[in-house]
Amino acid sequence: MKKFFTICIVLTLIMTSLVGCSIGTGKEAREPSQQMEKVTVILDWVPNTNHTGMYTAIEQGYYAEEGLAVEIIQPGESGSAELIATKQGEFGISYQEQVAYARTAENPLPVKAIAAIIQHNTSGFASPVNKEILSPKDFEGKKYGGWGSPMEEAILKALMDKEGGDFSKLEMVDIGVIDFFTSVENHVDFTWIYYGWDGVAAELRDFGLNFILLQDIQEALDFYTPVIIAHDELLESNPQLAERFLRATTKGYQYAMENPEGAAADLLKWVPELDEEMVIASQKYLAAQYQAEAKRWGEMKAEVWERYSEWMYQQGLLREALKTEDAFTNEFLPQ
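For reference, each letter of the sequence shown is one residue, going -20 to -1, 1 to 315 in mature numbering (1 follows the signal peptide of the UniProt record, and there is no 0).
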């Protein structure tokens, strides 16, 4: 699922493309040498601060140290899980729910999560303070702007039911490619954001925001988003490649945690269209989120996968229960 929190980035990049500029996901000056092994990473959407550790791993030479020439590309019309499943790239950026859908589909996709980019779900429901939306019960009588997915509707209904709200009194509209501020000022009462982008943007604008963090109101909704995925066959036939890639990527995210402004500069070299102040602020916020309390960056817990996949199954979002051991692994992360 193409996430909503990058919508404002999308608008910026669309406008840039109209005047013939590159979006900055590749640099011709960095052509791989014959000695380097080419690796393609397929993003979930447009480049943003969730991906900074990989751009830093390129800029700081961590991939080169592992003998890897990494190219980062966007997914186009197909999602990253579908593209990785058809071997269009070695690694992709996806989400826990996307992997759950892929593994339980009628025609399952052989993809597996190998690292969590962020330890906790930093998304939630946001609204201007004057809307007085402080809990899911306050969604009654309001207009919600989203992207029209079954998961979205299931989460809203479950949270309203839990708080004693009447889901039938919530109006849901598909707002498409409209940034958060435009949507809540002109079209809807609240929407779903990632705090690391739109929440930080609200702080920079001194925009009064009420924010309901999903992980605070239901434990099952504290899922991994985003994650790095790979094809089962690659992991079985070439585990050393996964280890080398994650060793360098880990260094990139460690650098981003320790030096957020330097990491922001690395991202901006590749995506100069992004707002510098926004990227730096977002990077500082995410520096504390990438690893959080985990013993190492990227590590995932079985209980997080089990809780959310069971919740999805109970809501009728999955056609069968997910075998979590097929969906994720920590074995390729550096010790």
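Glycine included, every Cβ here is placed at the ideal spot set by N, Cα and C.
Keep in mind that this is a model prediction, so the values were computed, not measured.
In the structure shown, the three-state DSSP call for Thr309 is coil. Under the three-pair Cβ rule at 8 Å, the stretch 233 to 250 does not count as touching the stretch 280 to 289.
DSSP places Gly126 in the uninterrupted beta strand (DSSP E) bounded by Lys123 to Gly126.
In terms of Cα proximity to Ile192, the closest of Leu313, Val26 and Ser103 is Ser103. Three or more pairs of CB atoms, one per stretch, sit closer than 8 Å, so the stretch 113 to 128 contacts the stretch 166 to 174. Nearest to Glu86 by alpha-carbon distance, out of Glu305, Asp159, Gln54 and Leu297, is Leu297. In terms of Cα proximity to Gln99, the closest of Glu57, Leu302 and Ala268 is Ala268. Excluding the 5 residues flanking it on each side, Gly47 has same chain C-beta neighbours closer than 8 Å at Gln15, Met16, Glu17 and Arg224, in chain order.
The DSSP-derived three-state label of Leu226 is helix.
Proximity of the stretch 22 to 36 to the stretch 226 to 234 meets the contact definition, three or more beta-carbon pairs being nearer than 8 Å. Taking all protein chains in view, the Cβ of Lys142 is surrounded by fewer than 16 other Cβ atoms within 10 Å, so the residue is classified as exposed. In the same chain as Ala301, and ignoring 5 residues on each side of it, the C-beta atoms closer than 8 Å to its own belong to Thr84, Ser289, Glu290 and Tyr293, in chain order. If only complete runs of 4 or more residues are kept, the stretch 40 to 105 shows the alpha helix (DSSP H) at 42 to 45, 60 to 65 and 76 to 84, in order along the chain. In this structure, Met131 and Glu57 do not form a Cβ contact; the two beta carbons are roughly 20 Å apart against a cut-off of 8 Å.
For the set Gly72, Ile135, Val21 and Val26, the Cα lying nearest the Cα of Trp177 is the one of Val26. In the three-state DSSP reduction, Ala272 falls in the coil class, being neither helix nor strand. By the CB criterion at 7 Å, Phe119 and Gly145 fall inside the cutoff. Spanning the alpha carbons of Ala82 and Val91 requires a straight line of approximately 7 Å.
Scanning its chain for C-beta atoms nearer than 8 Å, with the 5 sequence neighbours on each side dropped, one finds around Ile155 the residues Gly125, Gly126, Trp127, Ser163, His167, Val168 and Thr171, in chain order. A check of alpha carbon separations from Gln68 across Pro206, Ile52 and Tyr75 identifies Ile52 as the nearest.
The stretch 161 to 192 is shown to contain whole beta strand (DSSP E) runs of 3 or more residues at 170 to 174, in chain order.
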